[in-house]
Amino acid sequence: MRSFLFVPADSDKKISKALSVGADALILDLEDSVAASRKPAARPLASAFITETRKAAKRPRLYVRINPLDGPYWGDDLTGVIGSQPDGIILPKPNSAADADKLALALDHAELKAGIPSGQTRIIAIATETPVALMTLPSYMEVTQRLEGITWGAEDLSAVIGSSATREADGRAWTSPYRLARDMCLFAAVAAGKQPIDTVFVNFRDEEGCRLEAEQAARDGFTAKFAIHPNQIAIINQAFTPSAREIAWA
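Each step along the sequence shown adds one to the number in numbering that gives the first Met the number 0, with nothing skipped, and position 204 is 203.
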């Protein structure tokens, strides 16, 4: 997988459009892009979309970003979507691999109750959204086998540490704390044998900035990138598709 597109799970229009943009994976978001009052309505929308899309002969992989494990919503998120058999769950704000293990245990019970194959649902952790999480990245060396990828995030981390910006004045280069988080995520993922996934480029109107960041991520060892807008998908797919020369060299 090269590209993951976030889609608000409470928007029928955006969910339907997402299938046509060429993303390798779709992330139906029940967290940041869905207000608390809309979460109960978003869960059945996400579940119905996954159920229908799984029937297609050719489809993107389908993930659901649930709410954080330290909040009140994630249990209902899991219960609301697991019966549709998403390919995986995106775990936000884990403080360590222990949170991935906690989610894995919940998935064991949810899959059994729903009558779907045990271990089928994978996990991708957004592993740098709290300061504690950065200090515990080595914990992913021993983690549930459900974990297939590790990615990072800047915006929530910025809110916690109180930084006034995540990028330099050009709007493209990361400031020092976020370069560190990016690099630590890459090393942790590779060391754990998981897919290293780069975070989103928020300014979707800056297509050249997205292209440069995706190319740099691919150069450095990331194998995929999250996206927040359909216009970013072709750019990301191209950046993470090996050239003929790279294939020959490999």
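The beta carbon of each residue, even a glycine, is placed where N, CA and C say it ideally should be.
| Query | Result |
| --- | --- |
| Looking only at DSSP bridge pairs, what is residue 197 linked to? | 224 |
| Quick check: the Cα distance between residue 31 and residue 82, rounded to an integer number of angstroms? | 23 Å |
| Classify residue 128 as buried or exposed, calling it buried when 16 or more other Cβ atoms lie within 10 Å of its own Cβ. | buried |
| Just mark residue 151 as buried or exposed, buried being the case when its beta carbon has 16 or more other beta carbons within 10 Å. | buried |
| Put residue 159 into one of helix, strand or coil per three-state DSSP. | helix |
| Are residue 124 and residue 90 close, meaning C-beta to C-beta below 8 Å? | yes |
| By the three-class DSSP mapping on this structure, what secondary structure does residue 168 have? | coil |
| When the cut-off is 8 Å and only beta carbons count, does residue 127 lie next to chain C? | Among the chains in the structure shown there is no chain C, since it carries only a single protein chain. |
| Can you list, in chain order, the residues of its chain with a C-beta nearer than 7 Å to that of residue 257? Leave out the 5 residues immediately preceding and following it. | Not covered by the structure: residue 257. The range shown for the chain is 0 to 249. |
| How should residue 94 be labelled, buried or exposed, when 16 other C-beta atoms within 10 angstroms of its C-beta is the threshold for buried? | buried |
| So is residue 11 buried or exposed if we call it buried at 16+ other beta carbons inside 10 Å? | exposed |
| In this structure, does DSSP put residue 151 in helix, strand or coil? | coil |
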